[in-house]
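S.K.: Just so you know, the protein sequences line up as chains G and W, in that order.
Numbering-wise, this note's numbering puts 237 at position 32 of the first sequence, and it's gapless, one number per residue.
Numbering-wise, this note's numbering puts 335 at position 130 of the second sequence, and it's gapless, one number per residue.
Glycine included, C-beta positions come from ideal geometry on N, C-alpha and C.
Source: prediction; values computed, not measured.
Number of protein chains: 2
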Amino acid sequence: MKQKRYLLSEDNIPTHWYNVVADMKNKPMPPLNPGTKEPLKNEDLYPLFAKKLADQELDQENIWIEIPEEVREMYKSYRSTPLVRAYGLEKALGTPAHIYFKNESVSPVGSHKLNSALAQAYYCKEEGVTNITTETGAGQWGAALSYAAKAFDLDLAVYMVKISYQQKPYRRSIMQTYGAQVIASPSMSTKAGRKILTEHPNYMGSLGTAISEAVELAMSTENCKYTLGSVLNHVTLHQTVIGQEAEKQMEMAGEYPDIVIGCFGGGSNFGGISFPFMRHNFTGERNTRFIAAEPASCPKLTRGQFHYDFGDEAGYTPLLPMFTLGHNFAPANIHAGGLRYHGAGVIVSQLLKDNLMEAVDIEQLEAFDAAVLFAEAEGIIPAPESSHAIAATIREAKKCIETGEEKTILFCLSGHGLIDMASYDQYLAGDLVNYSLSDEEIEKNLEEIKDLV
Amino acid sequence: MKQKRYLLSEDNIPTHWYNVVADMKNKPMPPLNPGTKEPLKNEDLYPLFAKKLADQELDQENIWIEIPEEVREMYKSYRSTPLVRAYGLEKALGTPAHIYFKNESVSPVGSHKLNSALAQAYYCKEEGVTNITTETGAGQWGAALSYAAKAFDLDLAVYMVKISYQQKPYRRSIMQTYGAQVIASPSMSTKAGRKILTEHPNYMGSLGTAISEAVELAMSTENCKYTLGSVLNHVTLHQTVIGQEAEKQMEMAGEYPDIVIGCFGGGSNFGGISFPFMRHNFTGERNTRFIAAEPASCPKLTRGQFHYDFGDEAGYTPLLPMFTLGHNFAPANIHAGGLRYHGAGVIVSQLLKDNLMEAVDIEQLEAFDAAVLFAEAEGIIPAPESSHAIAATIREAKKCIETGEEKTILFCLSGHGLIDMASYDQYLAGDLVNYSLSDEEIEKNLEEIKDLV
Numbered sequence: 206m207k208q209k210r211y212l213l214s215e216d217n218i219p220t221h222w223y224n225v226v227a228d229m230k231n232k233p234m235p236p237l238n239p240g241t242k243e244p245l246k247n248e249d250l251y252p253l254f255a256k257k258l259a260d261q262e263l264d265q266e267n268i269w270i271e272i273p274e275e276v277r278e279m280y281k282s283y284r285s286t287p288l289v290r291a292y293g294l295e296k297a298l299g300t301p302a303h304i305y306f307k308n309e310s311v312s313p314v315g316s317h318k319l320n321s322a323l324a325q326a327y328y329c330k331e332e333g334v335t336n337i338t339t340e341t342g343a344g345q346w347g348a349a350l351s352y353a354a355k356a357f358d359l360d361l362a363v364y365m366v367k368i369s370y371q372q373k374p375y376r377r378s379i380m381q382t383y384g385a386q387v388i389a390s391p392s393m394s395t396k397a398g399r400k401i402l403t404e405h406p407n408y409m410g411s412l413g414t415a416i417s418e419a420v421e422l423a424m425s426t427e428n429c430k431y432t433l434g435s436v437l438n439h440v441t442l443h444q445t446v447i448g449q450e451a452e453k454q455m456e457m458a459g460e461y462p463d464i465v466i467g468c469f470g471g472g473s474n475f476g477g478i479s480f481p482f483m484r485h486n487f488t489g490e491r492n493t494r495f496i497a498a499e500p501a502s503c504p505k506l507t508r509g510q511f512h513y514d515f516g517d518e519a520g521y522t523p524l525l526p527m528f529t530l531g532h533n534f535a536p537a538n539i540h541a542g543g544l545r546y547h548g549a550g551v552i553v554s555q556l557l558k559d560n561l562m563e564a565v566d567i568e569q570l571e572a573f574d575a576a577v578l579f580a581e582a583e584g585i586i587p588a589p590e591s592s593h594a595i596a597a598t599i600r601e602a603k604k605c606i607e608t609g610e611e612k613t614i615l616f617c618l619s620g621h622g623l624i625d626m627a628s629y630d631q632y633l634a635g636d637l638v639n640y641s642l643s644d645e646e647i648e649k650n651l652e653e654i655k656d657l658v
Numbered sequence: 206m207k208q209k210r211y212l213l214s215e216d217n218i219p220t221h222w223y224n225v226v227a228d229m230k231n232k233p234m235p236p237l238n239p240g241t242k243e244p245l246k247n248e249d250l251y252p253l254f255a256k257k258l259a260d261q262e263l264d265q266e267n268i269w270i271e272i273p274e275e276v277r278e279m280y281k282s283y284r285s286t287p288l289v290r291a292y293g294l295e296k297a298l299g300t301p302a303h304i305y306f307k308n309e310s311v312s313p314v315g316s317h318k319l320n321s322a323l324a325q326a327y328y329c330k331e332e333g334v335t336n337i338t339t340e341t342g343a344g345q346w347g348a349a350l351s352y353a354a355k356a357f358d359l360d361l362a363v364y365m366v367k368i369s370y371q372q373k374p375y376r377r378s379i380m381q382t383y384g385a386q387v388i389a390s391p392s393m394s395t396k397a398g399r400k401i402l403t404e405h406p407n408y409m410g411s412l413g414t415a416i417s418e419a420v421e422l423a424m425s426t427e428n429c430k431y432t433l434g435s436v437l438n439h440v441t442l443h444q445t446v447i448g449q450e451a452e453k454q455m456e457m458a459g460e461y462p463d464i465v466i467g468c469f470g471g472g473s474n475f476g477g478i479s480f481p482f483m484r485h486n487f488t489g490e491r492n493t494r495f496i497a498a499e500p501a502s503c504p505k506l507t508r509g510q511f512h513y514d515f516g517d518e519a520g521y522t523p524l525l526p527m528f529t530l531g532h533n534f535a536p537a538n539i540h541a542g543g544l545r546y547h548g549a550g551v552i553v554s555q556l557l558k559d560n561l562m563e564a565v566d567i568e569q570l571e572a573f574d575a576a577v578l579f580a581e582a583e584g585i586i587p588a589p590e591s592s593h594a595i596a597a598t599i600r601e602a603k604k605c606i607e608t609g610e611e612k613t614i615l616f617c618l619s620g621h622g623l624i625d626m627a628s629y630d631q632y633l634a635g636d637l638v639n640y641s642l643s644d645e646e647i648e649k650n651l652e653e654i655k656d657l658v
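(1) Using a beta-carbon distance below 9 angstroms, is W:Ser-321 in contact with chain G?
(2) Helix or strand or just coil, what does DSSP make of W:Asp-264?
(3) What span of residues does the alpha helix (DSSP H) with W:Pro-526 cover, start to end?
(4) By the criterion of Cβ-Cβ separation under 9 angstroms, what are the contact partners of W:Ile-379 in chain G?
(5) Provide the residue span of the alpha helix (DSSP H) that contains W:His-593, from first to last.
(6) Could you give the uninterrupted runs of the beta strand (DSSP E) lying entirely in the region 503 to 570 of chain G, keeping only those of 3 residues or more?
(7) Rounding to the nearest angstrom, what Cα-Cα distance links G:Glu-404 and G:Gly-398 in this structure?
(8) Is the CB-CB distance between W:Ala-670 and W:Asp-574 below 9 angstroms?
(9) Exposed or buried, which one is G:Asp-636 when buried takes at least 16 other CB atoms within 10 Å?
(10) Let me know the secondary structure DSSP gives W:Ile-654 once reduced to three states.
(11) Hey, does W:Ser-592 have any beta-carbon neighbour from chain G nearer than 9 angstroms?
(12) Using the Cα positions of G:Phe-534 and G:Leu-237, report the straight-line distance between them to the nearest angstrom.
(13) Just checking, does the region 335 to 342 of chain W make contact with the region 641 to 652 of chain W on the three C-beta pairs under 8 angstroms criterion?
(14) Would you verify that the beta carbon of G:Met-457 is, or is not, closer than 9 angstroms to some beta carbon of chain W?
(15) When the cut-off is 9 angstroms and only beta carbons count, does W:Ala-356 lie next to chain G?
(16) Excluding sequence positions up to five away, which residues of its chain have a Cβ less than 6 angstroms from the Cβ of G:Asn-320?
(17) Between W:Leu-412 and the rest of its own chain, which residues show a CB-CB distance below 7 angstroms, the 5 nearest in sequence each way excluded?
(18) Have a look at W:Phe-616, W:Ala-255, W:Leu-253 and W:Phe-528 and flag the residue whose alpha-carbon is nearest the alpha-carbon of W:Gly-477.
(19) Which residues, in order along the region 279 to 310 of chain W, keep a beta-carbon less than 7 angstroms from a beta-carbon of chain G?
(20) Could you tell me whether the Cβ atoms of W:Ser-351 and W:Ile-379 are closer together than 9 angstroms?
(21) Do G:Val-565 and G:Thr-507 have their beta-carbon atoms positioned less than 9 angstroms apart in this structure?
(22) Please list the partners that W:Tyr-352 has in chain G, where partner means a Cβ-to-Cβ separation under 7 angstroms.
(23) Are W:Phe-495 and W:Phe-482 touching if we call contact CB-CB under 9 angstroms?
(24) Which whole-angstrom value is the C-beta distance of G:Gly-509 and G:Thr-529, which I expect to be below 8 angstroms?
(25) For G:Glu-652, which option in G:Thr-300, G:Ala-423 and G:His-512 has the closest C-alpha, if you only look at C-alpha atoms?
(26) Rounded to whole angstroms, what is the Cα-Cα separation between W:Pro-391 and W:Leu-402?
(27) So with CB distances below 7 angstroms, who are the chain W contacts of G:Arg-508?
(28) Pick from G:Ser-502, G:Ala-497 and G:Asp-360: whose alpha carbon is nearest that of G:Leu-570?
(29) Going by DSSP, what residues sit across from W:Pro-244 in a beta bridge?
(30) From the DSSP output, read off the bridge partner residues of G:Asn-308.
(31) Along the beta strand (DSSP E) that carries W:Arg-494, what are the first and last residues, could you check?
(32) Residues of chain G with CB closer than 7 angstroms to the CB of W:Pro-219, please, in chain order.
(33) May I ask which residues mark the beginning and end of the alpha helix (DSSP H) holding G:Arg-491?
(34) Kindly say whether W:Glu-275, judged by its beta-carbon, lies nearer than 9 angstroms to any beta-carbon of chain G.
(35) So G:Arg-210 contacts chain W; which residues on that side make the cut at Cβ distance below 7 angstroms?
(36) When burial is assigned at 16 or more other CB atoms within 10 Å of the CB, is W:Ser-310 buried or exposed?
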């Protein structure tokens, strides 16, 4: 079986992050202060985030933002990540499509999350912060930040969504091995957690709840900042190293993608692979399709509403203009824990509203079918999250069989699934199910946010 | 923190394996037919192994053996693996030593084992074999062979040592995801397994027993060959791609190792990293030290005896001249399951006998101390097996603190520990222990083999 990987030399690793907002004709609407309903100013974010991260969050001017030397140095420990021509998958499908994947699973923590974790830890350290907090769904972000915190000598407390804490105990062990403190969320350690546990003692948690807890701890602890792994603009910004590298690597392969696909939780991995290519759509130079692949059980892009909503369950965060299922939406316990979030980042939300990208929803079983086919064909066991991108890729590749088109499809393999083998076990035993979601359920949660702004 | 990785371009991936035996002044003594006690001929091995593998096993003539094009192609999917300057570990230790590691954990299956798995699967396929069997300790070899079998379209049955089957259920899931059949050993599916289970119903297995079962199944199944992941010469031969790449990469770094270290189970990872460097010791050109790091609970190199012994528990294999603890030695249930084997490969045994290399034994807790320090410093959570090499490296690096010497130390990070997080959990909870081994215990097992030849 023919094999082809493309790697960049060290001096071709990106020196800047790409700030897509500066290139967007229709800018995202501003986040609002939940009390005053006034647009947020940079200063409003300073109590919560490191200043430079807050500035990046609201930056609509600078197209290119320089990557600090210390962060670039850490990137060198695993970047560039390989771009791989998926000959095995093409053969298994019998498709004329050319399939490529950007393999972010080779980072020491096993996913793309380290790209932003290192940046966030660095900026916190730089301004003298000693403690940071965060939440984690599947644990990929928590693992990445745990290593980044250790690398930049910060103390870290991670609120881990309880269902993942139980389904993926070894992600907890990984965080602890790097020296982080890990708390199952909802917990009794915060007001937000206690409130939810009082009302729903058996609630297995969600990213929205874990964010509330991490924010609350950061706000009530001295010299402590909050960090997060997706959704916000600055996180997606840091992930654009993925797409920038992929663009150069596709050039090495002599191709340009007709379709770019990423799985979708909050948007950082999707934006990371997509935005550097989308740039060429903005100029009219290219006409690439961009597809976000979300789980059918948490379908904010395909079945949610564009509305101002909170980023967390308790309503601590600013109000964000986004595609949302409502901040009280409690997603089913699917194994792609990293995709169980009620809202989409504001950039992606605006792009989708403007029809500059597409979204598809994938059932849990379709994702695992795709995962096992990919593992057999390419040797890498993908994370359940990434498997949604693989499933969407397979759909497009199968269309090419029908039409005979040799389309070039690029997807982001955001992480490996070696810590998710319990879910593969269940799948192989036939114990996994799809989760249907009625229109009524969706309506109910959206009803609750209609008067927020 | 400064970071430096060295990678080779595709055309610098080795084209040949290095057959150290052809360069050895004192050749290993021949394996013997257990019935006749006559030296084994190539034909004697043909029923069990693919012919070309059998020929490689006994080849004492050819220094360089060409890697088949199909195998090289598959190597390209993950090779070259990075050579990393461990600045983080150096800093954490405060040593003047220059520490490098060859990172074999980046292979899709997470360890070096794939280097030989692909070769063995290829040769079996080439001669028309349809089914293969093997044993696995920690599951690293089983996972690698499962993917290789899938890549070359072979059916695979894996006997997995029962203690690992229970301690590491997710390695089983990985093998099953690649489509392999996995059986806990000892099992009731073979005569060898039934005999042991009758005598010791609660026996948790050993590599020696699992080998007996895999050999028995191969011999009694049509068009079926046996394969294995370490100990034998041809396996170590395939692993020499590691050391060959490392030599070129050390050259890129402008250094040559004073000390080369590998963990030691049967010898394939140790030989893989060492032999290409040892070549220059043979010519007198260099004077590198080679250190095999074995677990204190399974100390064949440091406390065993050089003697003819069986490679398996039931006595199905040829008699091999090796450092051994006796083929009935039942190792303690340490977490480095890949190192729980009673004997050493014949090449390494001869080299140790001739003082061309050294061996040290490492207690379980020292290995985990080293593992966690390495994870914090370098971001990669190492396999418990590889941690023995890290511990030995740390010992040498600490000596350099005392002497002030800037020695260059190279070790092989044979695999990551992401499937071994249960053992990290136990370590972090303070539940792991060392296993002491009395001289009487060792004597008893050696007594049983003294009349074999």
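M.R.: Walking through what the data contain:
(1) Indexing the second sequence from 1 puts residue 321 of chain W at position 116. No, W:Ser-321 does not count as interfacial toward chain G.
(2) Residue numbering aside, residue 264 of chain W sits at position 59 when the second sequence is read from its first letter. In the structure shown, W:Asp-264 sits in coil (DSSP, three-state: anything other than H, G, I, E or B).
(3) Taking the first residue of the second sequence as 1, we reach residue 526 of chain W at position 321. Note, W:Pro-526: premise wrong, no alpha helix (DSSP H); beta strand (DSSP E) at 524 to 529.
(4) As a working note, residue 379 of chain W is residue 174 in the second sequence. Within 9 angstroms Cβ-Cβ: Ala-580, Ile-586, Leu-623, Met-626 and Tyr-629.
(5) Stepping through the second sequence from its first residue, residue 593 of chain W is reached at position 388. Segment 589 to 608, the alpha helix (DSSP H) holding W:His-593.
(6) 510 to 515, 524 to 529 and 563 to 567
(7) By one-based count along the first sequence, residue 404 of chain G stands at place 199. By one-based count along the first sequence, residue 398 of chain G stands at place 193. Answer to the nearest angstrom: the Cα atoms are 10 angstroms apart.
(8) Outside the modelled stretch of chain W, which goes from 206 to 658, sits residue 670 of chain W, for which no answer is possible.
(9) Your numbering for residue 636 of chain G matches position 431 in the first sequence. Classification of G:Asp-636: exposed, given that the 10 Å Cβ count is below 16.
(10) Within the second sequence, numbered from 1, the residue matching residue 654 of chain W stands at position 449. In the three-state reduction of the DSSP assignment, W:Ile-654 falls in the coil class, being assigned neither a helical nor a strand state.
(11) Numbered from 1 along the second sequence, position 387 holds the residue referred to as residue 592 of chain W. By this cut-off, W:Ser-592 is not an interface position.
(12) Against the first sequence, residue 534 of chain G aligns to sequence position 329. Against the first sequence, residue 237 of chain G aligns to sequence position 32. Roughly 21 angstroms between the two C-alpha positions.
(13) no
(14) Working through the first sequence from its first residue, we reach residue 457 of chain G at position 252. Not closer than 9 angstroms to any Cβ of chain W, the Cβ of G:Met-457 fails to qualify, so no.
(15) As a working note, residue 356 of chain W is residue 151 in the second sequence. Cβ-Cβ to chain G under 9 angstroms: yes for W:Ala-356.
(16) Numbered from its first residue, the first sequence carries residue 320 of chain G at position 115. Counting only Cβ-Cβ distances below 6 angstroms, and skipping sequence neighbours, we find His-443, Gln-444 and Val-446.
(17) Numbered from its first residue, the second sequence carries residue 412 of chain W at position 207. Taken in chain order, the residues that qualify are Glu-340, Gly-342, Val-366, Arg-545 and Tyr-546.
(18) Indexing the second sequence from 1 puts residue 477 of chain W at position 272. Considering only alpha carbons, the answer is W:Phe-616.
(19) Met-279, Lys-281 and Ser-282
(20) As a position in the second sequence, residue 351 of chain W is number 146, starting the count at 1. As a position in the second sequence, residue 379 of chain W is number 174, starting the count at 1. It is a contact, given that the beta carbons lie within the stated cut-off.
(21) Taking the first sequence and counting its residues from 1, the one referred to as residue 507 of chain G is at position 302. Taking the first sequence and counting its residues from 1, the one referred to as residue 565 of chain G is at position 360. Yes.
(22) As a working mapping, residue 352 of chain W is identified with position 147 in the second sequence. Ordered by position in chain G, the residues that pass the 7 angstroms Cβ test against W:Tyr-352 are Gly-584.
(23) Position 290 of the second sequence, counted from the start, is the residue given in the question as residue 495 of chain W. Position 277 of the second sequence, counted from the start, is the residue given in the question as residue 482 of chain W. The answer is yes: Cβ separation under 9 angstroms.
(24) In the first sequence, residue 509 of chain G corresponds to position 304, counting from 1. In the first sequence, residue 529 of chain G corresponds to position 324, counting from 1. Confirmed, Cβ separation roughly 5 angstroms.
(25) What you label residue 652 of chain G is simply residue 447 of the first sequence in a count that begins at 1. Closest by alpha carbon: G:His-512.
(26) The count along the second sequence starts at 1 and reaches residue 391 of chain W at position 186. The count along the second sequence starts at 1 and reaches residue 402 of chain W at position 197. Each residue's alpha carbon lies about 7 angstroms from the other.
(27) For the purposes of this step, residue 508 of chain G is taken as the residue at position 303 of the first sequence. Correct list: empty, because the minimum Cβ distance to chain W is about 31 angstroms.
(28) The count along the first sequence starts at 1 and reaches residue 570 of chain G at position 365. Selected option, being the one with the closest Cα: G:Ser-502.
(29) For the purposes of this step, residue 244 of chain W is taken as residue 39 along the second sequence, with counting starting at 1. Note: W:Pro-244 sits in a beta bridge opposite W:Leu-237.
(30) Your numbering for residue 308 of chain G matches position 103 in the first sequence. Answer is G:Leu-618.
(31) As a working note, residue 494 of chain W is residue 289 in the second sequence. From DSSP, the beta strand (DSSP E) with W:Arg-494 extends over 494 to 500.
(32) As a first step, residue 219 of chain W must be located in the second sequence, where it is residue number 14. The premise fails here: W:Pro-219 is roughly 15 angstroms from chain G at the closest Cβ pair, so nothing lies under 7 angstroms.
(33) In the first sequence, the residue the question calls residue 491 of chain G occupies position 286. Premise fails: G:Arg-491 is in no alpha helix (DSSP H) and is neither H nor E.
(34) Position 70 of the second sequence, counted from the first residue, corresponds to residue 275 of chain W. Yes, W:Glu-275 counts as interfacial toward chain G.
(35) Taking the first residue of the first sequence as 1, we reach residue 210 of chain G at position 5. Chain W residues near G:Arg-210: Lys-281 and Ser-282.
(36) Within the second sequence, residue 310 of chain W is the residue found at index 105, counting from 1. Result: buried.
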